[in-house]
Amino acid sequence: MKKMENDIINPALMLAISRMKENNNLDTQNRMVEEALNARFLVPCVVHIKPGTEKETKRTPANTVVNFNMVKSTEGIMFFIAFSDMGELKKWQDNENQNVMVMSFDELANLVQGAGEQSNGFVLNPMTSNVVFQKKIIANIIANRDKAVKEGKIVQVHSAQRADAEGTGEA
20 MKKMENDIIN
30 PALMLAISRM
40 KENNNLDTQN
50 RMVEEALNAR
60 FLVPCVVHIK
70 PGTEKETKRT
80 PANTVVNFNM
90 VKSTEGIMFF
100 IAFSDMGELK
110 KWQDNENQNV
120 MVMSFDELAN
130 LVQGAGEQSN
140 GFVLNPMTSN
150 VVFQKKIIAN
160 IIANRDKAVK
170 EGKIVQVHSA
180 QRADAEGTGE
190 A
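Set out below in structure tokens:
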């Protein structure tokens, strides 16, 4: 079952962020990262039609270009932006025509890595909790998770399996 934007709420992640901000230590940081790895995010974007395909009636990856919104830190560093839920997105920009993509942490990590020097990571809920995942931290999170999976310390559930489990109530 495909999730709609209003279905993305991430209460466990928001609780983990709150607890981390109240008592910032290794345990609360790890719990927040664990929840971020399991979360789905709203990522604002702008969808463009490739020149020469305007008359095509069906939109496909071949005739569509997606550009993701970014913010610049006070130091001039660029970050992609992601939101835990529609309420947080509206605090940034209350535009009923805003295009968004629903993405996992891994998809955001791939977006950041694919941007090369144009992005230093992504920021979650920049108007409120403002949690920054820098590119090098993202790489460490993914590497540590992959190592734990390889060593059998954790079982990785892929995004499609997680969505199916959430839709059926099964784990």
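Okay, so the sequence shown: first residue is 20 according to my numbering, each after it adds one. Glycine included, each C-beta is placed from N, C-alpha and C at the ideal position.
- A residue is called buried when at least 16 other Cβ atoms come within 10 angstroms of its Cβ; residue 160 meets this threshold and is buried.
- Inclusion of residue 121 and residue 61 in the CB contact set at 9 angstroms is warranted, their separation being smaller than that value.
- For residue 96, the closest C-alpha among the options 71, 80, 154 and 41 is that of 154.
- Within the same chain, 82, 83 and 84 come within 7 angstroms of residue 69 by CB-CB distance, once the 5 residues on both sides are set aside.
- In this structure, residue 102 sits away from residue 87, with a CB-CB distance that is not shorter than 9 angstroms.
- With fewer than 16 other beta carbons inside 10 angstroms of its own, residue 163 counts as exposed.
- Between residue 54 and residue 34, the C-beta spacing is below 9 angstroms.
- Leaving aside the five residues that flank residue 128 on each side, the residues in its chain whose CB is nearer than 6 angstroms to its CB run, in chain order, 157 and 161.
- The shortest CA-to-CA distance from residue 31 to any of 43, 25, 50 and 45 is the one to 50.
- Within a 10 Å sphere around the beta-carbon of residue 26 sit fewer than 16 other beta-carbons, which makes this residue exposed.
- Within the model, the alpha-carbon separation for residue 89 versus residue 48 is close to 24 angstroms.
- By the CB criterion at 9 angstroms, residue 80 and residue 118 fall outside the cutoff.
- Around the beta-carbon of residue 144, 16 or more other beta-carbon atoms lie within 10 Å, marking it buried.
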